[in-house]
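Peer 1:
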Amino acid sequence: MLTTEDLLRAPVAAAVAELFSADIQPGSVTFQRTNPAFEGDVTLVVFPYVKLAGKGPEQTAQLIGEHLQAKLPEVARFNVVKGFLNLVIADDFWNRQFTTLSSEPAYGHKPVTNTSPMVMVEYSSPNTNKPLHLGHVRNNLLGFSVSEILKAAGYRVVMVNLVNDRGIHICKSMYAWQQLGNGETPESSGIKGDHLVGKYYVEFDKLYKEQVKLAVAAGQTEEEAGKTVPAMLAIQEMLRKWEAGDEEVIALWKMMNGWVYDGFNTTYKKLGVSFDKIYYESNTYLLGKSIVEDGLNKGVLLKRPDGAVIIDLTPDGLDQKVLLRSDGTSVYMTQDLGTAAERHNEFPFEKLVYVVGNEQEYHFKVLKLALAKLGYAWADGLYHLSYGMVELPHGKMKSREGTVVDADDLIQLMEDDAQKLAEDRGLIADMSSEAKATLYHQVGMAALKYFILKVDPRKKMLFNPEESIDLQGNTGPFIQYTYARIRSMLRKAGVADSLPGFTTPAQLHEKEKALIKHLHQYPAIVQEAAATYNPAVVAQYTYDLAKTYNQFYDACPVMKAESDTLKHFRLNLSACVARTVKESLRLLGIEAPEQM
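Shown next, in the form of structure tokens:
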């Protein structure tokens, strides 16, 4: 579809050539959105042409504006504000654009083919020693939404999860269950599997602290006690046995991890997220050793006197990073090197996006640089989507102390709030119990997802459930309600999705034009969100579209329009808005209920 920028670039270049005898490339012409304080649909920045014109910014803009208005029928009028030329595009252009976009069922989305560029998105990456919490929720929602946006932008997307299912932290839950569990299972206790394992992770911390306290009272220093109390020695021995393949330890590990996976899957389903492939650290932790050995043989890596293998990144402004310990065991970086290489062999991606909190920024700088120095040309395609932590009104979360906001509890809270909202409004009495439960979940999840995704991923955020559920303001339920209102009106009018053969009015109402302009922006919004890996771009667009529609609805009667022709046009306009709102919400992982 022709954008206003596409329409104007060549004519602006021609204007500069004719007026100022200077050749410029159309691609160099820069536009921006018009300041809402001034009339205009698009703004040309004229400062680059001031020297060519030999005149001041305002005179230069005036000359270009007059030339465009005379030569280009689509330019209805213009105004100049200092070095900015605000152009008003004629209604006929917007009518043509609306006729085109209304006939495209997949408007704004690029088709994906077998030759489309491939992007892998890794997200979630939980530990199997505790249930998912609010921090994981932001990670999962970001990863899923970014994946859907990339698909809409024309990429083949592979969504993957790397589960941290081994290590000393996993052994803590296992040991505590051995000592204190008395054979407790999810079935016998009625506790969801990941919650049960998380319970014993907290119990280990209590047991460990008590043992340290007793050892200190007996004369040890706290540092000595921390390393030598029975609980610490036991989990270290358990990890050694696991790595040696001890049958009893492996059986316990498989049983408790199985409980956790069942719990995770339930939560993932509630959140509406999924993966194309799940990797497990227990299968990948040894990967990368051969890569390190190869790098050592090539002289890219160095061996220290103590036998540890390092990569020296000090010339790049970083430091020396250990890739193999002196005893030959691998570190997380070793694993990540191997996992990245294995993934690229399996899925030859152009980009690999890691959705990981900002506390790991240094790790991913090292990973990308190390892969590049080791000769992997695709390393330049690694990208760390570094997101800020989620905090609550009462402070930070602490897993070991059991003070996290559990994802399942949060989902239930949002559903309960959605139920109260719906019952207070009293508009769903005719719905079945099953339909009501579905609606509560849809609205609750919209409140949660939108509140999180409307914030730029790179920013730290404060989550307040009460603010997220409101039907007024910048919330998911507000957007859902706007969609449901439109769909209700269309059903009453007997319109499924659109009315073929409609006629656009010769002169648009300002609210009609504002709505068409907003719909016209959708393809560019999808591309911008994909390029920046930022769902907040889509969230803000969707809110603005819903708000703009409500302003149109208040100013322009639809069912009681002045003529059938105008009624059909406005119904089509409403249907296109509903379709775009639904698709925009889908990119955020949010469902659009037909009734609220």
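Under our numbering, read the sequence shown as residues 350 to 945, first letter to last.
Positions of the beta carbon are idealized from the N, C-alpha and C atoms, including for glycine.
Note that the structure is a prediction, hence the values are computed from the model and not measured.
(1) Hey, Lys798 and Leu490 are a contact pair by Cβ (cut 8 Å); roughly how many whole angstroms apart?
(2) Would you give the residue range spanned by the alpha helix (DSSP H) that Gln408 belongs to?
(3) Report the three-state DSSP secondary structure of Leu587 (helix, strand or coil).
(4) Out of Gln374, Ser817, Val658, Phe696, state which residue places its alpha-carbon closest to the alpha-carbon of Val641.
(5) Between the C-alpha atoms of Gln856 and Leu450, what's the straight-line distance to the nearest angstrom?
(6) Are the CB atoms of Ala767 and Val739 within a distance shorter than 7 Å?
(7) Can you name the residues that DSSP bridges to Thr392?
(8) Counting contacts by CB-CB distance shorter than 7 Å, is Val424 in contact with chain C?
(9) Within the stretch 804-886, note down every full alpha helix (DSSP H) run reaching 4 residues or more, in order along the chain.
(10) For the alpha helix (DSSP H) that contains Lys521, what are its first and last residues?
(11) Taking all protein chains shown into account, decide if Lys747 is buried (16 or more other Cβ within 10 angstroms of its Cβ) or exposed.
(12) What alpha helix (DSSP H) runs, 4 residues minimum, are completely inside the stretch 537-609?
(13) Quick check: what's the CA-CA separation for Lys603 versus Thr477?
(14) Run through the stretch 747-805 for me and flag every whole alpha helix (DSSP H) of 4 or more residues, listed as ranges in chain order.
(15) How many Å lie between Val378 and Tyr456 at the Cα?
(16) For Pro460, count neighbouring Cβ atoms within 10 angstroms of its own Cβ and tell me buried if that reaches 16, exposed if not.
(17) Out of Thr534, Leu393, Lys652, Gln876, state which residue places its alpha-carbon closest to the alpha-carbon of Asp676.
(18) I'd like the ranges of any alpha helix (DSSP H) spanning at least 4 consecutive residues and lying wholly in the stretch 470-517.
(19) Measuring alpha carbon to alpha carbon, tell me which of Ala895, Leu434, Asp755 ends up nearest Asn384.
(20) So, is Glu750 buried or exposed, given that buried needs 16 or more other C-beta atoms within 10 angstroms?
(21) Suppose you measure from the CA of Asp755 to the CA of Glu573; what does that come to, to the nearest Å?
(22) Apply the 10 Å Cβ neighbour rule to Asn921 and answer buried if 16 or more other Cβ atoms are within range, or exposed otherwise.
(23) Does the Cβ-Cβ distance between Val468 and Val506 come in under 7 Å?
(24) Taking contact to mean at least 3 C-beta pairs separated by less than 8 Å, is the stretch 506-517 in contact with the stretch 628-639?
(25) According to DSSP, what are the bridge partners of Asn428?
(26) If Ser735 sits next to Glu764, beta carbons under 8 Å apart, how far is it from one beta carbon to the other, in whole angstroms?
(27) Would you mind sorting Gln870 into buried or exposed? The rule is 16 or more other CB atoms within 10 Å of its CB.
(28) Over the uninterrupted alpha helix (DSSP H) stretch that includes Asp665, give me the two end residues.
(29) Run through the stretch 663-726 for me and flag every whole alpha helix (DSSP H) of 4 or more residues, listed as ranges in chain order.
(30) Per DSSP, which one or two residues make a beta bridge with Ser735?
(31) When you compare the CB positions of Ile413 and Ala362, do they come within less than 7 Å of one another, or not?
(32) If you follow the beta strand (DSSP E) that Ile627 is part of, which residue opens it and which one closes it?
(33) Taking the beta carbon of Glu497 as the centre, do at least 16 other beta carbons fall within 10 Å, making it buried, or is it exposed?
(34) In its own chain, which residues sit with a C-beta less than 6 Å from the C-beta of His867, not counting the 5 before and 5 after it?
(35) Between Glu691 and the rest of its own chain, which residues show a CB-CB distance below 7 Å, the 5 nearest in sequence each way excluded?
Peer 2: Reading from the atomic positions:
(1) 5 Å
(2) 406-420
(3) Just to set this straight, residue 587 is Met in the shown sequence, not Leu. Correct three-state label for Met587: helix.
(4) Val658
(5) 19 Å
(6) no
(7) Gln381, Asn435
(8) Absent from the structure is chain C; it holds one protein chain and no more.
(9) 814-817, 825-841, 859-869, 871-881
(10) 517-529
(11) Since pLDDT at Lys747 reaches only 49, below the 50 mark, its modelled position is unreliable, and the value read off the structure follows with that caveat. With fewer than 16 Cβ atoms within 10 Å of its Cβ, Lys747 is classed as exposed.
(12) 542-566, 571-577, 579-592
(13) 11 Å
(14) 756-774, 782-802
(15) 26 Å
(16) exposed
(17) Lys652
(18) 483-501
(19) Leu434
(20) For Glu750, the pLDDT reaches just 47, beneath the cut-off of 50, and the residue's location in the model is therefore unreliable, leaving the point undetermined.
(21) 34 Å
(22) buried
(23) yes
(24) yes
(25) Asn435
(26) So it is not a contact: roughly 31 Å between Cβ atoms.
(27) buried
(28) Counting along the chain, Asp665 falls outside any alpha helix (DSSP H), and DSSP gives it neither H nor E.
(29) 681-695, 710-722
(30) Val705
(31) no
(32) 626-629
(33) buried
(34) Leu894, Thr897
(35) Leu636
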